[in-house]
Amino acid sequence: MKKQIIVSSLMLGAFIAIALIQYRSPLGLGDWPAFQSAGRALLTGGNPYLAHVPDGERTLCIYNPPWVLALTMPFSFLPLRLGWALLNATSFVLMLFIIRRLGASPLVLLISLPILYRATWTGNVDGFNYLSAALPAPIGLFFAALKPQNTLGLIAYWAYWNWREGGLRRLILTFAPLSVALAAGFAVYGPWYQMVCPFTTSAHLELFPSGLPIGLAILAAAIASKRKYLALAASPFISPYFSYASIVLLTVWGLIALQDLARWLYRVGTLGLESLYDRRRSVVDQSPLQTP
Numbered sequence: 000m001k002k003q004i005i006v007s008s009l010m011l012g013a014f015i016a017i018a019l020i021q022y023r024s025p026l027g028l029g030d031w032p033a034f035q036s037a038g039r040a041l042l043t044g045g046n047p048y049l050a051h052v053p054d055g056e057r058t059l060c061i062y063n064p065p066w067v068l069a070l071t072m073p074f075s076f077l078p079l080r081l082g083w084a085l086l087n088a089t090s091f092v093l094m095l096f097i098i099r100r101l102g103a104s105p106l107v108l109l110i111s112l113p114i115l116y117r118a119t120w121t122g123n124v125d126g127f128n129y130l131s132a133a134l135p136a137p138i139g140l141f142f143a144a145l146k147p148q149n150t151l152g153l154i155a156y157w158a159y160w161n162w163r164e165g166g167l168r169r170l171i172l173t174f175a176p177l178s179v180a181l182a183a184g185f186a187v188y189g190p191w192y193q194m195v196c197p198f199t200t201s202a203h204l205e206l207f208p209s210g211l212p213i214g215l216a217i218l219a220a221a222i223a224s225k226r227k228y229l230a231l232a233a234s235p236f237i238s239p240y241f242s243y244a245s246i247v248l249l250t251v252w253g254l255i256a257l258q259d260l261a262r263w264l265y266r267v268g269t270l271g272l273e274s275l276y277d278r279r280r281s282v283v284d285q286s287p288l289q290t291p
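So this is what it looks like as structure tokens:
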């Protein structure tokens with residue numbers, strides 16, 4: 000109980016600190032104006048996918064499935080910069096929770112703080128997206144689908160293990176809720192991917208398809224070792240489009256991998272020393288000098 004209180008207090012402190020830093024920072028608002036505009040359009044009976052926001056030489060809009068607005072709507076009622084700061088702070092705290100759940104030690108968590116800050120300043124829903132890794136697959140898929148370019152490896156990981164452990168029936172049952180929700184979204188809004196603003200960030204297309212061999216190798220390691228963080232690390236290499244957060248977080252997944260490798264080497268080394276000690280003890284016990 001005491002540990003939970005301490006952890007909750009630290010999380011709350013991190014939320015308040017990041018919100019204040021972000022609110023007073025000179026950083027741009029990233030994608031947040033599009034989410035706020037879409038949320039307000041939905042409240043007034045409009046189509047959130049037609050709520051385009053001019054932003055200099057580009058136009059902002061949302062590409063995510065409709066249920067993303069259920070997560071961003073509470074922030075949409077707030078002034079623009081305050082909503083952006085609170086959304087980023089929420090993403091930051093969710094990221095801390097997720098990487099801890101995926102096995103990060105307190106040291107890795109501490110080293111990751113500036114990395115997570117960089118990954119969550121863009122006014123997007125990456126924190127909610129990565130929360131999928133801490134949830135059961137049927138629920139997690141809804142969060143994974145918010146930005147599949149971040150979580151495509153995790154989706155493939157779930158598909159493999161559900162098929163492996165329960166066959167086609169379990170695979171269908173796991174993915175059925177998401178499929179129904181997507182169908183309902185298309186029924187209400189039509190193919191929203193055709194309504195969104197022009198795609199202008201061509202730099203985010205450069206890893207595909209040349210990165211596929213790397214991504215598939217990492218994904219194979221994730222499946223073999225049952226490590227979800229490796230499945231997430233594979234995502235930017237196997238997705239046709241990678242996001243800013245997915246690239247920044249490669250450092251975090253790499254740190255957890257190094258931590259796991261260090262733990263494995265420690266266990267192997269310890270077992271090796273114990274085995275050597277036991278063999279030497281056995282030799283000494285069998286020596287004629289030890290007989291009465």
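If you count the sequence shown from 1, position 228 lands on 227 in numbering that gives the first Met the number 0, and the numbers rise without skipping.
We put the CB at the ideal spot given by N, CA and C, even for glycine.
| query | result |
| --- | --- |
| D54 - partner residues in DSSP beta bridges | R57 |
| Inter-residue spacing [alpha-carbon to alpha-carbon] between T150 and V267 | 32 angstroms |
| Contact test: T121 Cβ vs the ligand COA heavy atom, cutoff 6 angstroms | This structure lacks the ligand COA, and indeed carries no ligand of any kind. |
| Where the alpha helix (DSSP H) through T173 begins and ends | P147 to Y188 |
| Whole-angstrom distance between S178 and A16, CA atom to CA atom | 39 angstroms |
| For T119, three-class secondary structure by DSSP | coil |
| Close beta carbons around L101, own chain, < 7 angstroms, minus the five adjacent residues each side | A132, K227, Y228 and I255 |
| R226 - DSSP class collapsed to helix/strand/coil | coil |
| Residue closest to L68, alpha-carbon to alpha-carbon, out of G184, A219 and G189 | G184 |
| Close Cβ partners of S238 (< 6 angstroms) along its chain, the five nearest in sequence each way excluded | Q148 and L151 |
| Close beta carbons around L93, own chain, < 6 angstroms, minus the five adjacent residues each side | G126 and L130 |
| CA nearest to the CA of L218, picked from A18, F207, S234 and W120 | S234 |
| Complete runs of the alpha helix (DSSP H) confined to the region 43-113 [at least 4 residues] | 67-75 and 79-100 |
| Beta-carbon proximity of G82 to Q35, cut-off 7 angstroms | yes |
| Whole-number beta carbon distance between L153 and A216, since they are thought to touch under 8 angstroms | The pair is not a contact, with the Cβ atoms about 16 angstroms apart (cut-off 8 angstroms). |
| Residue range of the alpha helix (DSSP H) that includes P137 | A136 to A143 |
| Nearest-angstrom Cα separation, counted from V251 out to S111 | 6 angstroms |
| Buried or exposed (CB count within 10 angstroms, at least 16 for buried), V52 | buried |
| Close Cβ partners of R39 (< 7 angstroms) along its chain, the five nearest in sequence each way excluded | S75 |
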